[in-house]
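Visitor: Below you'll find the structure I mean.
2 protein chains.
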Amino acid sequence: MAIHECVQLVPIFQELAEPQLDTIESIVRHHHYQAGETIFSADDPLDQLMIVSAGQVKVYQLAANGREQLLYLLQSGEIDGEAALFENQRRTSFGEALVPTDVCSIRREDFQNLMQQYPSISINVLNVFGKRLTQLERQTTSTATESVEARLANYLTETAASLNTNTFKLPLKKKDLATFLGTTPETISRKLTRFEQLGLITQKAGKVIQINDADQLLLTE
Amino acid sequence: MAIHECVQLVPIFQELAEPQLDTIESIVRHHHYQAGETIFSADDPLDQLMIVSAGQVKVYQLAANGREQLLYLLQSGEIDGEAALFENQRRTSFGEALVPTDVCSIRREDFQNLMQQYPSISINVLNVFGKRLTQLERQTTSTATESVEARLANYLTETAASLNTNTFKLPLKKKDLATFLGTTPETISRKLTRFEQLGLITQKAGKVIQINDADQLLLTE
DNA sequence: CGTCGTATTGATCTAGTTCAAGTACAGTGG
DNA sequence: CCACTGTACTTGAACTAGATCAATACGACG
Numbered sequence: 003m004a005i006h007e008c009v010q011l012v013p014i015f016q017e018l019a020e021p022q023l024d025t026i027e028s029i030v031r032h033h034h035y036q037a038g039e040t041i042f043s044a045d046d047p048l049d050q051l052m053i054v055s056a057g058q059v060k061v062y063q064l065a066a067n068g069r070e071q072l073l074y075l076l077q078s079g080e081i082d083g084e085a086a087l088f089e090n091q092r093r094t095s096f097g098e099a100l101v102p103t104d105v106c107s108i109r110r111e112d113f114q115n116l117m118q119q120y121p122s123i124s125i126n127v128l129n130v131f132g133k134r135l136t137q138l139e140r141q142t143t144s145t146a147t148e149s150v151e152a153r154l155a156n157y158l159t160e161t162a163a164s165l166n167t168n169t170f171k172l173p174l175k176k177k178d179l180a181t182f183l184g185t186t187p188e189t190i191s192r193k194l195t196r197f198e199q200l201g202l203i204t205q206k207a208g209k210v211i212q213i214n215d216a217d218q219l220l221l222t223e
Numbered sequence: 003m004a005i006h007e008c009v010q011l012v013p014i015f016q017e018l019a020e021p022q023l024d025t026i027e028s029i030v031r032h033h034h035y036q037a038g039e040t041i042f043s044a045d046d047p048l049d050q051l052m053i054v055s056a057g058q059v060k061v062y063q064l065a066a067n068g069r070e071q072l073l074y075l076l077q078s079g080e081i082d083g084e085a086a087l088f089e090n091q092r093r094t095s096f097g098e099a100l101v102p103t104d105v106c107s108i109r110r111e112d113f114q115n116l117m118q119q120y121p122s123i124s125i126n127v128l129n130v131f132g133k134r135l136t137q138l139e140r141q142t143t144s145t146a147t148e149s150v151e152a153r154l155a156n157y158l159t160e161t162a163a164s165l166n167t168n169t170f171k172l173p174l175k176k177k178d179l180a181t182f183l184g185t186t187p188e189t190i191s192r193k194l195t196r197f198e199q200l201g202l203i204t205q206k207a208g209k210v211i212q213i214n215d216a217d218q219l220l221l222t223e
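Order-wise, the sequence lines are chains A and B.
Sequential numbering from 3 applies to the first sequence in the working numbering.
Sequential numbering from 3 applies to the second sequence in the working numbering.
Below, the structure is given as structure tokens:
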């Protein structure tokens, strides 16, 4: 394992110099999870900041009727648990490793001390928060007001854009993608087939999708 | 107008002493808006923190298809605009005064200085952020996975609980409530009638609702 | 090569939207 | 104080997107 493996890749610690990163590294704890393993559950006491150093973590909630809603897909370098860094709260969501995943955590108290010492950290945390809030606002608006077809079209073009390519592998199982978009796997299947029939995309083997006409795709109502 | 009218009622400035509040007050700008007036729009440059000192502000987004989604209802003491306090961004939502409303604003630069001087402010901002994030996560989950009936039932009991009474006036027009819950005014009407027929609530004149059986209401699927 | 989880496809069903028409109601001006 | 007007709300009837249920097909992996 490389030195600073988590610490150095986390945006919230950028702008800190080597010796400071060393200090942080020394108070961090490392964990490894296998694919499918639960990292945290709703109702767990929330007293640590979690950093994904490698792998992929699915963060989801359960509704009263037991249905699952995927909220975030944390990639390496992303953090979770900020929501209650200063208050005693409990988690409201579940975290599950989708692939073998390395995670480090910092205890609340230690993190608070860090923030006192290096104010730039809190500014970075605020930024991360802000982005997440904006993203979630968009997600809320779109699940509440747009058709499944439009949401899926959006998701495909956004994913392609962020990967800078027209051909990419879906990073999620259809089941998870379905809960992310607030629908069912069956509907996803059907809509993808429909997009293909319209010539907007091409489905290749192994969850690989090629987008043929992003503009037209976005016009989907 | 009372001295410190905005500043003193904002949770993010709590723990600060009088002279500090004076300083803050001196850099704040005041505005008044009439009911129905637009306070900000999507795409506006976001360079101020906004504080609602009196009144009520509806914050909403527009989806691609033009439909409106209500995100927050800001009450006096609440703030908005934190999302981009440190980055140049543009607004993604609209703000509209629902009743005559007083607002004060602080320029980004001034606020950043404040945070440097009084670190407790940034901690308070983090907390506000965190709460909003948690609330929005719940809203996302529930619009995406629960029936309109369940969401409405939830909204009614939560509102009642937060006001500490069983009889209350809906703080929103049905039209706005509908976009908040991700549905239509017609559906709200019908569901309320249904709840009344089931004896779970009683509808009185002028948007006043009395909850008769909160427990049963929550069991609505 | 069989087995288990995942994906597709088809048929049916329903919650909620949409459109349209009518009603209550608050505010304004005479 | 009442009539007038515009907005909000309700109710009904028809329609549809998408969920659900069930059966089948696929594909990865031991």
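Glycine included, each C-beta is placed from N, C-alpha and C at the ideal position.
Mind listing which residues of the region 182 to 199 of chain A have their C-beta closer than 7 Å to chain B's C-betas, in chain order?
Guide: G184
Visitor: Can you give the Cα-Cα distance for B/M3 and B/S78, rounded to whole angstroms?
Guide: In the second sequence, counting from the first residue as 1, residue 3 of chain B sits at position 1. In the second sequence, counting from the first residue as 1, residue 78 of chain B sits at position 76. With a pLDDT of 46 at B/M3, under the threshold of 50, the modelled position of this residue cannot be trusted; read the value that follows with caution. Each residue's alpha carbon lies about 15 Å from the other.
Visitor: Give the range of the alpha helix (DSSP H) segment to which B/Y157 is assigned.
Guide: As a working note, residue 157 of chain B is residue 155 in the second sequence. Segment 150 to 165, the alpha helix (DSSP H) holding B/Y157.
Visitor: Does DSSP put A/Q63 in a helix, in a strand, or in coil?
Guide: In the first sequence, residue 63 of chain A corresponds to position 61, counting from 1. Three-state DSSP puts A/Q63 in a strand.
Visitor: Just to confirm the assignment, what range does the alpha helix (DSSP H) spanning B/K171 have?
Guide: The residue you call residue 171 of chain B lines up with position 169 of the second sequence. Premise fails: B/K171 lies in the beta strand (DSSP E), 169 to 171, not in any alpha helix (DSSP H).
Visitor: Could you tell me which residues DSSP puts in a beta bridge with B/R109?
Guide: As a working mapping, residue 109 of chain B is identified with position 107 in the second sequence. Looking at the DSSP assignment, B/R109 forms a beta bridge with B/Q50.
Visitor: CB-CB under 6 Å to B/E198, same chain, minus the five flanking residues each way: which ones, in chain order?
Guide: Here residue 198 of chain B is taken as the residue at index 196 of the second sequence, counted from 1. Contacts found: Q205.
Visitor: Can you give me the C-alpha to C-alpha distance between A/D24 and B/E160, rounded to a whole angstrom?
Guide: The residue you call residue 24 of chain A lines up with position 22 of the first sequence. The residue you call residue 160 of chain B lines up with position 158 of the second sequence. Rounded to the nearest angstrom, the two C-alpha atoms are 47 Å apart.
Visitor: According to the neighbour-count rule (16 or more other Cβ atoms, all chains shown, within 10 Å of its Cβ), is A/T40 buried or exposed?
Guide: Start at 1 with the first residue of the first sequence, and residue 40 of chain A comes out as number 38. By the neighbour-count rule (16 or more Cβ atoms within 10 Å), A/T40 is not buried but exposed.
Visitor: Taking B/I125 as the query, report the chain A residues whose CB atoms sit under 7 Å from its CB, ordered along the chain.
Guide: As a working note, residue 125 of chain B is residue 123 in the second sequence. Result: F88.
Visitor: Given this structure, state the Cα-to-Cα distance separating A/N156 from A/R192, to the nearest angstrom.
Guide: Residue numbering aside, residue 156 of chain A sits at position 154 when the first sequence is read from its first letter. Residue numbering aside, residue 192 of chain A sits at position 190 when the first sequence is read from its first letter. Approximately 16 Å between the Cα atoms of the pair.
Visitor: Nearest chain B C-beta to A/I5 closer than 8 Å, yes or no?
Guide: By one-based count along the first sequence, residue 5 of chain A stands at place 3. Confidence in A/I5 is poor, its pLDDT being 49 and thus under 50, which makes the residue's placement unreliable; the coordinate value appears in the next sentence. Among the CB atoms of chain B, none fall inside 8 Å of the CB of A/I5.
Visitor: In whole angstroms, what separates the C-alpha of B/A86 from that of B/L154?
Guide: Counted from its first residue, the second sequence places residue 86 of chain B at position 84. Counted from its first residue, the second sequence places residue 154 of chain B at position 152. Going from the Cα of B/A86 to the Cα of B/L154 covers about 32 Å.
Visitor: Tell me the rounded alpha-carbon separation between A/A152 and A/L183.
Guide: Indexing the first sequence from 1 puts residue 152 of chain A at position 150. Indexing the first sequence from 1 puts residue 183 of chain A at position 181. Between A/A152 and A/L183, the C-alpha separation is close to 10 Å.
Visitor: So, does the CB of A/R69 fall closer than 8 Å to a CB anywhere in chain B?
Guide: Here residue 69 of chain A refers to the residue found at position 67 when the first sequence is read from its first residue. Interface residue, yes.
Visitor: For B/L75 and B/V54, which I take to be in contact (beta-carbon distance under 8 Å), what is that distance rounded to the nearest angstrom?
Guide: Indexing the second sequence from 1 puts residue 75 of chain B at position 73. Indexing the second sequence from 1 puts residue 54 of chain B at position 52. Rounded, the Cβ-Cβ distance is 10 Å, inconsistent with contact.
Visitor: From A/P173 to A/I211, what does the alpha carbon distance come to, in whole angstroms?
Guide: Counted from its first residue, the first sequence places residue 173 of chain A at position 171. Counted from its first residue, the first sequence places residue 211 of chain A at position 209. Distance between the alpha carbons of A/P173 and A/I211 is about 11 Å.
Visitor: A/N129 versus chain B: which residues are under 7 Å apart at the beta carbon?
Guide: Along the first sequence, read from residue 1 onward, the residue named residue 129 of chain A stands at position 127. F88, E89, listed in chain order.
Visitor: Hey, is A/S107's beta-carbon within less than 8 Å of any beta-carbon in chain B?
Guide: Residue 107 of chain A sits at position 105 when you count from the first residue of the first sequence. So no, A/S107 is outside the interface.
Visitor: Under 7 Å Cβ to Cβ from B/T222, same chain only, skipping five residues before and after it: list those, please.
Guide: Your numbering for residue 222 of chain B matches position 220 in the second sequence. Taken in chain order, the residues that qualify are E151, A152, A155.
Visitor: Using DSSP's beta-bridge definition, name the partner residues of A/F42.
Guide: Position 40 of the first sequence holds residue 42 of chain A. According to DSSP, which records beta bridges pairwise, A/F42 is partnered with A/G97.
Visitor: Between A/S164 and chain B, is any beta-carbon pair separated by less than 8 Å?
Guide: Along the first sequence, read from residue 1 onward, the residue named residue 164 of chain A stands at position 162. A/S164 does not count as touching chain B.
Visitor: Could you tell me the distance, in whole angstroms, from the CA atom of A/L138 to the CA atom of A/K209?
Guide: Here residue 138 of chain A refers to the residue found at position 136 when the first sequence is read from its first residue. Here residue 209 of chain A refers to the residue found at position 207 when the first sequence is read from its first residue. Cα to Cα, A/L138 sits roughly 26 Å from A/K209.
Visitor: Return the chain-ordered list of same chain residues with a C-beta closer than 8 Å to the C-beta of A/Y120, the five sequence neighbours on each side being excluded.
Guide: For the purposes of this step, residue 120 of chain A is taken as residue 118 along the first sequence, with counting starting at 1. So the list reads L18, Q22, once near-sequence residues are dropped.
Visitor: Can we say the region 124 to 131 of chain A touches the region 114 to 134 of chain B, given the rule of at least three CB pairs closer than 8 Å?
Guide: yes
Visitor: Just to confirm, is the Cβ distance from A/T147 to B/Q71 under 8 Å?
Guide: If you number the first sequence from 1, residue 147 of chain A lands on position 145. If you number the second sequence from 1, residue 71 of chain B lands on position 69. Cβ atoms of A/T147 and B/Q71: closer than 8 Å.
Visitor: Would you identify the three-state DSSP class for A/A37, choosing helix, strand or coil?
Guide: For the purposes of this step, residue 37 of chain A is identified with residue 35 of the first sequence, where counting begins at 1. In the three-state scheme derived from DSSP, where H, G and I count as helix and E and B as strand, A/A37 is classed as coil.
Visitor: Have a look at B/E80 and A/Q118 and give me their C-alpha separation to the nearest angstrom.
Guide: Your numbering for residue 80 of chain B matches position 78 in the second sequence. Your numbering for residue 118 of chain A matches position 116 in the first sequence. Taking the straight line joining both Cα atoms gives about 26 Å.
Visitor: Quick one: residues in its chain with C-beta nearer than 6 Å to the C-beta of A/E7, no 5 flanking neighbours on either side, listed in chain order?
Guide: Counting from 1 along the first sequence, the entry for residue 7 of chain A is found at position 5. Closer than 6 Å at the Cβ level, and outside the excluded window around A/E7, lie S55.
Visitor: Does the region 99 to 119 of chain A come into contact with the region 95 to 113 of chain B, if we say contact requires no fewer than three beta-carbon pairs (one atom in each stretch) closer than 8 Å?
Guide: No: fewer than three Cβ pairs fall under 8 Å.
Visitor: Note down, in chain order, each residue of its chain lying with its Cβ closer than 7 Å to the Cβ of B/I14, except the 5 sequence neighbours on either side.
Guide: As a first step, residue 14 of chain B must be located in the second sequence, where it is residue number 12. Apart from the 5 residues on each side of it in sequence, B/I14 sits with its Cβ closer than 7 Å to the Cβ of I81, I123, N126, V127, V130 in its chain, given in chain order.
Visitor: Going by other Cβ atoms of all chains shown within 10 Å of its Cβ, with 16 needed for buried, is B/I5 buried or exposed?
Guide: Counting from 1 along the second sequence, the entry for residue 5 of chain B is found at position 3. At B/I5 the pLDDT is 49, less than 50, meaning the model places this residue with poor confidence and gives no usable figure here.
Visitor: Starting from the Cα of B/P102, find the closest Cα among B/Q114, B/V61, B/Q36 and give me that residue.
Guide: The residue given as residue 102 of chain B occupies position 100 in the second sequence. B/P102 has its Cα closest to that of B/Q36, out of B/Q114, B/V61, B/Q36.
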